[in-house]
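Below is one structure; the comments refer to it alone.
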Amino acid sequence: MSRRRPLSSFWRDRRGVSAVEFALIAPVMIVMYCGLAEVTQAMMAQRRLSNIASQIGDLVAQSNQTGPTKMADVFTIGGIIMAPFPTATLRMCVASVTSDATGRDTVAWSRASGTMTNCPAQGAVLTNVPVGVLPASRSVILARASYVYTSPIKLVMPASITFQRTFYLRPRKAETILWSTTS
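Using UniProt numbering, the first residue of the sequence shown is number 1, and each one after it goes up by one.
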């Protein structure tokens, strides 16, 4: 009988309940906090990538002609926009796409930063330009960017995610943006 009394008083003792509840809830809260931090960082990287694709296309669309020097500057600006995220996996592509009278879309010129695999080659015929973006006998600037995001925490997102964005912009000062080796 003497053994039952200490055991029954042990089950009624409430002094350590808060510590036990905290020990049960703390790991869940830490995972939630880290998960929210990871998702927020990924969303920020995705938004910056969208901004890069839009801005590099807009910079090219504002001129009459472009060339290697100007494109190097445009790609440098894209890298600056991506800060504070690392730019090792950032890939950018700018191309001029022209449509003939029959509506056939052909790449007049294209340049990529790094080894971007989905940058259309010069002379390629594109079949995936959205309807209404490029009318017959017109041209647009195609700006494409991709970024492989790797979470620094890797608790909730252990694998890398690849973000891709494509923008089409109409030239502002000329019918088509010309490529010049001296620009």
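Every residue, glycine too, gets a C-beta built ideally from N, C-alpha and C.
Nearest-angstrom beta carbon gap, residue j and residue i [assumed within contact, 8 Å]
i, j, result
"MET82", "ILE52", "6 Å"
"VAL97", "LEU126", "6 Å"
"SER99", "LEU134", "5 Å"
"GLU38", "MET157", "5 Å"
Bridge partner(s) assigned by DSSP for residue i
i, result
"MET92", "SER113, ALA145"
"LEU126", "ASP105"
"VAL140", "VAL97"
"TRP11", "TRP11 pairs with nothing; no bridge assigned."
"LEU178", "GLN65"
Proximity below 8 Å, CB of residue i to CB of residue j
i, j, result
"LEU59", "ILE77", "yes"
"THR176", "ALA101", "no"
"CYS34", "LEU155", "yes"
"ARG165", "LEU24", "no"
"ALA61", "ARG144", "no"
"SER54", "PHE167", "yes"
"SER151", "GLY67", "no"
"MET92", "ALA112", "yes"
"SER139", "THR162", "no"
"THR69", "GLY79", "no"
Beta strand (DSSP E) segment containing residue i, residue limits
i, result
"THR166", "161 to 169"
Segment limits, alpha helix (DSSP H) that includes residue i
i, result
"THR40", "17 to 61"
"VAL74", "68 to 82"
Which listed residue (the options) has its alpha carbon closest to that of residue i
i, options, result
"PHE85", "THR106, PRO120, MET44, SER96", "MET44"
"THR106", "ALA95, THR115, ILE30", "ALA95"
"ALA159", "VAL31, ALA19, ALA42, ILE30", "ALA42"
"VAL131", "GLN122, ALA121, ARG104", "ARG104"
"ILE153", "VAL31, ASN128, GLU21", "VAL31"
"SER137", "ARG170, LEU36, GLY114, ALA112", "ARG170"
"GLY123", "MET116, VAL28, SER18, SER110", "SER110"
"ALA174", "VAL17, ARG14, GLN65, ASP73", "GLN65"
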